[in-house]
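Top line first, the protein sequences correspond to chains V and U.
Our numbering applies: residue 1 is where the first sequence begins, and numbers increase by one.
Our numbering applies: residue 1001 is where the second sequence begins, and numbers increase by one.
Note that beta-carbon positions come from the ideal geometry of N, C-alpha and C, so glycine has one too.
Protein chains: 2
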Amino acid sequence: MLSKKAKYAIKALLALADCDREEPMRIADLARAEQIPPKFLELILLGLKNQGVLRSRKGKGGGYSLARDPSEIYLGQIVRMFDGPLAPVPCASQTAYQRCADCRNEAVCGVHLAMKEVRDATARVLDGTSLASLRSRVEQVSPPVPL
Amino acid sequence: MLSKKAKYAIKALLALADCDREEPMRIADLARAEQIPPKFLELILLGLKNQGVLRSRKGKGGGYSLARDPSEIYLGQIVRMFDGPLAPVPCASQTAYQRCADCRNEAVCGVHLAMKEVRDATARVLDGTSLASLRSRVEQVSPPVPL
DNA sequence: TATTTACTCTATCTAGTAAGTAGGGTATTG
DNA sequence: CAATACCCTACTTACTAGATAGAGTAAATA
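If you want it as structure tokens, here you go:
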């Protein structure tokens, strides 16, 4: 299950990817636009900033903006950051491997085998999808209205 | 995350797939073999029986056995049964679709788009893997010792 | 430099759920 | 009829997601 944190994070990042990178967005405006509880979003954006995904500016005219190009921000990083490893079981994780206490021999464990495939399939999708590619696919469905 | 219930269920089913289908296995023996708390396993096997995956026999010489051929029992059914839909978000589920309250237009929602791909990738793996196919792949790694 | 704006950080609350336990009930078989 | 082994309900415990509160700090501008 994707947590609300991860979900809100992706929505907020997509919204930021649609804006000028030099023009920061305020928490309150983002929250209203994406229907996210403002204080909760605050926590999320702070986390994204500490991970180096966002940068912030304080004071009047301040807010958050992307720290790098949307084509270099991948969903895999965001989801792992809030929800931990992609693998359904720790013994199938690439980034946070942990042995199962109840498993005698991983090489002949059916659960391990199957879940490693699930992890690989998931990682292929999420580590292959950037904010930019996601945005361009959304725009294919509904092109932005020119001014 | 895969729940322990689902994980134990798969392990138990694989163990049963290795045995004669006419010779039931007792909860206690299964629990010992797979390192599962016996009372917890009892709950799990009962569930599998109610879903028609297992059949049981009471009294002396009783126990559990598979209700159908291992090639016709898919991991997708087992995982869904214990952990619910495969999709990371309800709006991406095929078997248990539910609209997001905070989503204005699903067709242009990046989260929806990406998570639908994750769900499809996961389903492809789990609905394509039967107990029989999983077992045969385990045996490729370590062939069973003949008597 | 005073004031406003807006991010920063820590603590707390609540409801829900996963994991496991307890114990009595019921059907079968020898 | 006695032993075996499944059947079923209820409960406990610990953890976590999701959210809220409020005081603190930095920056901009009038």
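Coil, strand or helix - L86/V by DSSP: coil
CB contact flag (A1012/U, S1071/U, <8 Å): no
Where G1063/U sits in the DSSP three-state scheme: strand
Complete runs of the alpha helix (DSSP H) confined to the region 1016-1046 of chain U [at least 4 residues]: 1027-1034
Under the three-state DSSP convention, the category S1136/U falls into: helix
Cα-Cα separation, P1088/U to D20/V: 30 Å
DSSP three-state assignment for R1068/U, whether helix, strand or coil: coil
For G1084/U, the nearest candidate out of A1123/U, N1105/U, G1063/U (CA to CA): A1123/U
Helix, strand or coil at Y8/V [DSSP, three-state]: helix
Test: V138/V CB closer than 8 Å to a CB of chain U: yes
Pair within 8 Å by beta-carbon distance, I1044/U and Y1008/U: Yes, the pair counts as a contact, with Cβ atoms nearer than the cut-off.
Residues in the region 1048-1066 of chain U having any Cβ partner in chain V nearer than 9 Å: Per Cβ criterion, the list is empty.
C-alpha gap between R57/V and Y64/V, whole angstroms: 7 Å
Status (buried if at least 16 other CB within 10 Å, exposed otherwise) for K116/V: buried
Paired residues, beta bridge with S56/V - DSSP: Y64/V
Segment contact flag, the region 1088-1107 of chain U with the region 99-108 of chain V, C-beta cutoff 8 Å, min 3 pairs: no
Neighbour list for Q98/V in chain U, Cβ cutoff strictly below 9 Å: Per Cβ cutoff of 9 Å: no residues; Q98/V is ~13 Å from chain U at best.
Contacting positions in the region 1011-1037 of chain U - beta carbon closer than 8 Å to chain V: Of all residues in the region 1011-1037 of chain U, only K1011, L1014, E1034, Q1035, I1036 come within less than 8 Å of chain V when Cβ atoms are compared, listed by chain position.
Contact set between S1142/U and chain V, taken where Cβ atoms lie within less than 9 Å: N105, A107, V108
Bridge partner(s) assigned by DSSP for S142/V: Looking at the DSSP assignment, S142/V forms no beta bridge with any residue, so it has no partner.
Near-chain V residues of the region 1071-1086 of chain U (beta-carbon distance less than 7 Å), N- to C-terminal order: Taking 7 Å as the Cβ-Cβ cut-off against chain V, the residues of the region 1071-1086 of chain U that qualify are L1075.
Reference R119/V; option with closest CA among L46/V, V138/V, L54/V, A96/V: A96/V
Contact set between Y129/V and chain U, taken where Cβ atoms lie within less than 7 Å: Looking at the sequence shown, residue 129/V is not Tyr but Thr. By Cβ distance, chain U contributes A1114.
Residue environment, V145/V, which counts as buried when at least 16 other CB atoms sit within 10 Å: exposed
Inter-residue CB distance, V1053/U and A1031/U (contact presumed, cutoff 8 Å): The pair is not a contact, with the Cβ atoms about 18 Å apart (cut-off 8 Å).
Within chain V, partners of T1095/U - CB distance below 8 Å: Within chain V, no residue has its CB atom less than 8 Å from the CB of T1095/U, the nearest being about 15 Å off.
Under 8 Å by beta carbon: chain V residues contacting R1124/U: A121
Expected contact under 8 Å - CB spacing of A1017/U and R1137/U to nearest Å: So it is not a contact: roughly 12 Å between Cβ atoms.
Cutoff 6 Å; reference G47/V; Cβ partners in own chain excluding five residues on either side: Once the five neighbours on either side are set aside, G47/V has no close Cβ partner at all.
Minimum Cβ-Cβ distance from D102/V to chain U less than 8 Å: yes
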